[in-house]
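Residue numbers (my numbering), protein chains in the order written: chain C, 2 to 409; chain W, 1329 to 1869.
Rendered as structure tokens:
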């Protein structure tokens, strides 16, 4: 084939252009460290890289949420530690107060110590995080959750029963708090029974501890019931009638003998002392009775501050302190349960963290495999193209010098 | 016939041959120059030599093949120049839309961590502003490209008209020269062939040589562009179907402007630009719009379920540009169409445009998805409304409809241009699911979860939709690059073939110079010898 002189030049030029473009491309790859410079270099890898980037970003989001969750839970666990201490101290004081040898003055002194603990507890229940948001208010974290009624001096919960959650992993919404009701008014893990004497009782019936379980197979087992005393004004004989709170059924009147067990619904109770007509005792599962730790301490304070100068008052003191001890135990159990759940959530955060860290490494690796450059290949490619370009240049020079006109 | 006149004819022929070779050497770099060869012939009844013709080495068949190949190459080249700009825009990972969407949802996650914190709320507003601004700037970039393409179209069309004018003029000159001299000068023919080659770079044309020596040039479906000395012009006109778009119009013999479909132009810069606009630019803008609408509808719906810090239901967080509907300017009826998004059918929203054609006999509309070609039929529903791919089209007055009336619907083309954050007050973010709980973060969590849900077209999460866009632009650019490389090498090969016939080789010309020199000297010798012989005879006295 004839080769025109123009073809010779243009084709050499095109060859050098191509070599140069290739060299530039590899040069850019080496400079940026990326194999895929624009999506068109590898559309599939580029679009996959966007999706891996999304996975990385979401994993990063969840990591940030875990930091925030850990922060909240760590704060909560420290507050719960103080609450546990306070309740334990209260229990110790009540045990002291229950000693029969104390005088009214001794009890008043214990009451003032107990008041201090009470205030501490209220303070912990109204603890705030670094931003001034209340820890135990549920969703109502902008207002004080436990407010003191100036009239009665009692504390009531005005938060709600919600718990804020955060998405700490793709498929896990974690509660990052517990509301005040659960912590201070709950009775998780409490299975026992309690007998509570009516505060209006005029007699000296004393409960002598919690009811004992005699027969779990009893069909009425678990029902609450009321023991109502009646005293015949003529003979002075005391009888009692048991009313099942679940069914409403009332039993027959039975003779009361102090120290003799009263049995119903598989439970046995041996009160002592003398009832007055109209006195009553409620028996129920502890979780259906008072579970509010503030009410418990308020109750204790009330009796400790009252001089025990009659049999009835002494019985009330003993009954109340007995109930308070049980209730404090239950509250302590409850707080411990919450504390354990917080601990396990903190633990879960650590586990998810390490899984996520692994995942991030994998994502980074995947993304790198998709779009990053293999330097060994790239540098050898670069050298190869360099050689190619030089060869094209040399060929061009020698071809253009071979011209018949040069020889004429 | 004397030895002198034979020698003289040789000298003359050698001189012409010298001229030809010199001309070849002089024009070695002239574009469109075709190598010339002296054709020697015996001088008729008498003896001696004559140069019958200085022949132009031109093969019309190869030239038309080369023109066709170059036309495709320059089309792909124009396409590649344009599409590479979008490819480069998507190349930067850090400034793309994906990281900004991630930042927005990241700030929502932070809000879920502390729903009443003013800093967290400000973070959401800030990232929403940035995201919206980036959507708009991305769209602006594409809109600017569309403006640029429209400008280039006018440019191309005027160049095509100019070139066609020159070809028509040359046709006239060549006819005249032929009538006068019996044969047209090679330089005019070269010029005309070069103009046809130039024209092919702009638009795919067919050149047909006529018996009288003129060329007829036609484009597309055979519309004549040049016929003898007559030229027909093209012009850029606003599309009757879509006033936001320009198309190429053809001034026919009757003086009417006929809109030429974009698909008429398969090659040349003009064809490449139109193909880029229809195949990549507009669809990418619409895809971006679709993503913007899905994001806005998804976020707004969840936001509306929530309660803000003032206890009010969440207002719309993002606004988008409205969908567009146009009545075709050629409609015989006067009904007009309005269009609005239909969030209830948001999952049906596509990145495609739709053509609506009214059929009076059945009183229905044929709805054609211009992206997929799928067609369906629908009668006007309540309120004279049609449900078209996630939007509702309303005809103002159905009694004014005429058979064959058409409407064009662009659901998402300009949606991203109007993408904006509508909330500027931190307390207006509805993070809560119910009133009165400053620690309630349920709606923030629901917003955060949107990022992993299949919201776009009912089948892709936001980032997947964006990845799809990256992939489709990337693939398209890649295909064009590969096709261009293949087409370029085809052009190169044909160019080499054409040059092997018509191109000048300097070595060959050097040799010719030597050869014609010897030829000249030999003929001079003949005359000298003749003179010697004559002298010999004359000295016999």
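The beta-carbon is built from N, C-alpha and C at its ideal position, and this holds for glycine as well. Since this is a predicted model, take the numbers as computed values, not measurements.
Exercise for review: Check residue 81 (chain C) in the structure and name its three-state DSSP category.
Suggested key: Three-state result, residue 81 (chain C): helix.
Exercise for review: Output, in chain order, the set of chain W residues within a Cβ distance shorter than 7 Å of residue 3 (chain C).
Suggested key: In chain order: 1828 and 1833.
Point to revise | Three-way DSSP call (helix, strand, coil) for residue 1364 (chain W) in this model | key: Of the three classes helix, strand and coil, the one that applies to residue 1364 (chain W) here is strand, per DSSP.
Practice item. Determine, using beta carbons only, whether residue 1457 (chain W) and residue 1491 (chain W) come nearer to each other than 8 Å. Key: No, the pair does not count as a contact, with Cβ atoms beyond the cut-off.
Point to revise | Same chain, Cβ closer than 6 Å to residue 1662 (chain W), five either side skipped, listed in chain order | key: Taken in chain order, the residues that qualify are 1728.
Point to revise | Residue-chain proximity (residue 1287 (chain W), chain C), Cβ-Cβ < 8 Å | key: Because residue 1287 (chain W) is not part of the residues shown, which for chain W are 1329 to 1869, the question remains open.
**Study point:** Proximal residues to residue 1789 (chain W) (C-beta, below 7 Å), its chain only, five neighbours per side dropped
**Key:** Around residue 1789 (chain W): 1779, 1780, 1781, 1782 and 1783.
**Study point:** Assigned exposure category for residue 295 (chain C) - 16 Cβ within 10 Å defines buried
**Key:** Buried.
Check your understanding: List, in order along the chain, the chain W residues whose C-beta lies closer than 7 Å to that of residue 116 (chain C)?
Key -> Within 7 Å Cβ-Cβ: nothing; residue 116 (chain C) doesn't reach chain W, min ~31 Å.
Exercise for review: Could you check the C-alpha separation between residue 383 (chain C) and residue 1808 (chain W) for me, to the nearest Å?
Suggested key: In a straight line, the C-alpha of residue 383 (chain C) is about 25 Å away from that of residue 1808 (chain W).
Review point. Around the Cβ of residue 1530 (chain W), are there at least 16 other Cβ atoms within 10 angstroms (buried) or fewer (exposed)?
Key: With 16 or more other Cβ atoms from the protein chains shown falling within 10 Å of its own Cβ, residue 1530 (chain W) counts as buried.
Check your understanding: Can you find a CB in chain W that lies within less than 8 Å of the CB of residue 71 (chain C)?
Key -> Judged by the 8 Å Cβ criterion, residue 71 (chain C) is not in contact with chain W.
Check your understanding: From residue 123 (chain C) to residue 86 (chain C), what distance separates their C-alpha atoms?
Key -> Cα-Cα distance, rounded: 13 Å.
**Study point:** Proximity below 8 Å, CB of residue 235 (chain C) to CB of residue 278 (chain C)
**Key:** In this structure, residue 235 (chain C) keeps its C-beta atom at 8 Å or more from the C-beta atom of residue 278 (chain C).
**Study point:** C-beta atoms of residue 1452 (chain W) and residue 1757 (chain W) nearer than 8 Å
**Key:** Yes, these two residues count as a Cβ contact at 8 Å.
Practice item. Please state whether DSSP places residue 242 (chain C) in a helix, a strand or coil. Key: Residue state, collapsed to three classes: strand.
Exercise for review: Report yes if the CB atom of residue 1833 (chain W) is closer than 8 Å to the CB atom of residue 6 (chain C), and no otherwise.
Suggested key: Contact: yes.
Review point. Taking just the CA atoms, how far does residue 1532 (chain W) sit from residue 14 (chain C)?
Key: Going from the Cα of residue 14 (chain C) to the Cα of residue 1532 (chain W) covers about 27 Å.
Exercise for review: Could you tell me whether any Cβ in chain W is nearer than 8 Å to the Cβ of residue 362 (chain C)?
Suggested key: Among the residues facing chain W, residue 362 (chain C) is not included, as its CB has no counterpart in that chain under 8 Å away.
**Study point:** Environment of residue 1430 (chain W) [buried if 16+ CB atoms lie within 10 Å]
**Key:** Under a 10 Å Cβ-count criterion, residue 1430 (chain W) is classified as buried, with 16 or more other Cβ atoms of the shown protein chains found around its own Cβ.
Check your understanding: Got a sec: is the Cβ-Cβ distance from residue 1765 (chain W) to anything in chain C below 8 Å?
Key -> It does: the Cβ of residue 1765 (chain W) has a partner Cβ on chain C nearer than 8 Å.
Exercise for review: With a 10 Å radius around its C-beta and 16 neighbouring C-beta atoms as the bar for buried, classify residue 1338 (chain W) as buried or exposed.
Suggested key: Result: buried.
**Study point:** Check whether residue 1683 (chain W) and residue 1613 (chain W) have beta carbons under 8 Å apart
**Key:** Against a cut-off of 8 Å, the Cβ pair of residue 1613 (chain W) and residue 1683 (chain W) comes out as no contact.
Review point. Can you give the Cα-Cα distance for residue 217 (chain C) and residue 1631 (chain W), rounded to whole angstroms?
Key: If you take the alpha carbons of residue 217 (chain C) and residue 1631 (chain W), they lie about 53 Å apart.
**Study point:** Contained beta strand (DSSP E) runs [length at least 3] in the region 1338 to 1423 of chain W, N- to C-terminal order
**Key:** 1364 to 1370 and 1377 to 1384, all fully within the region 1338 to 1423 of chain W.
Check your understanding: So is residue 6 (chain C) in contact with chain W if we call contact Cβ pairs under 8 Å?
Key -> So yes, residue 6 (chain C) belongs to the interface.
Review point. Which one of W:1724, W:1656 and W:1639 has the shortest CA to CA distance from residue 1765 (chain W)?
Key: For residue 1765 (chain W), the nearest C-alpha among the options comes from W:1639.
**Study point:** Residue interval of the beta strand (DSSP E) (run including residue 1620 (chain W))
**Key:** Element bounds for residue 1620 (chain W): not the beta strand (DSSP E) but the alpha helix (DSSP H), 1610 to 1633.
Review point. Roughly how many angstroms lie between the CA atoms of residue 1340 (chain W) and residue 1856 (chain W), to the nearest whole one?
Key: One C-alpha to the other measures close to 16 Å.
Check your understanding: Name the chain C residues whose beta carbon is nearer than 9 Å to that of residue 1839 (chain W)?
Key -> At a beta-carbon threshold of 9 Å, the residues of chain C lying near residue 1839 (chain W) are 405, ordered along the chain.
**Study point:** Within chain C, the residues that residue 1698 (chain W) reaches when beta carbons sit closer than 7 Å
**Key:** In chain order: nothing, as chain C lies at least about 24 Å away.
**Study point:** Counted within 10 angstroms of its Cβ, other Cβ atoms place residue 1646 (chain W) as buried (16 or more) or exposed
**Key:** It is buried - the Cβ of residue 1646 (chain W) has at least 16 other Cβ atoms within 10 Å.
Review point. Would the region 346 to 364 of chain C and the region 15 to 26 of chain C be scored as touching if the rule is three or more Cβ pairs under 8 Å?
Key: By the C-beta criterion, the region 346 to 364 of chain C is judged not to be in contact with the region 15 to 26 of chain C, since fewer than 3 inter-stretch pairs fall below 8 Å.
Practice item. Could you name the residues of chain W that residue 174 (chain C) contacts, counting a contact when the two beta carbons are closer than 8 Å? Key: Per Cβ cutoff of 8 Å: 1773.
Review point. Mind checking if residue 181 (chain C) is an interface residue toward chain W, Cβ cutoff 8 Å exclusive?
Key: Chain W, which has no Cβ nearer than 8 Å to the Cβ of residue 181 (chain C), makes this no.
Practice item. Return the CA-CA distance between residue 168 (chain C) and residue 260 (chain C), expressed in angstroms with no decimal places. Key: Going by C-alpha positions, residue 168 (chain C) is about 58 Å away from residue 260 (chain C).
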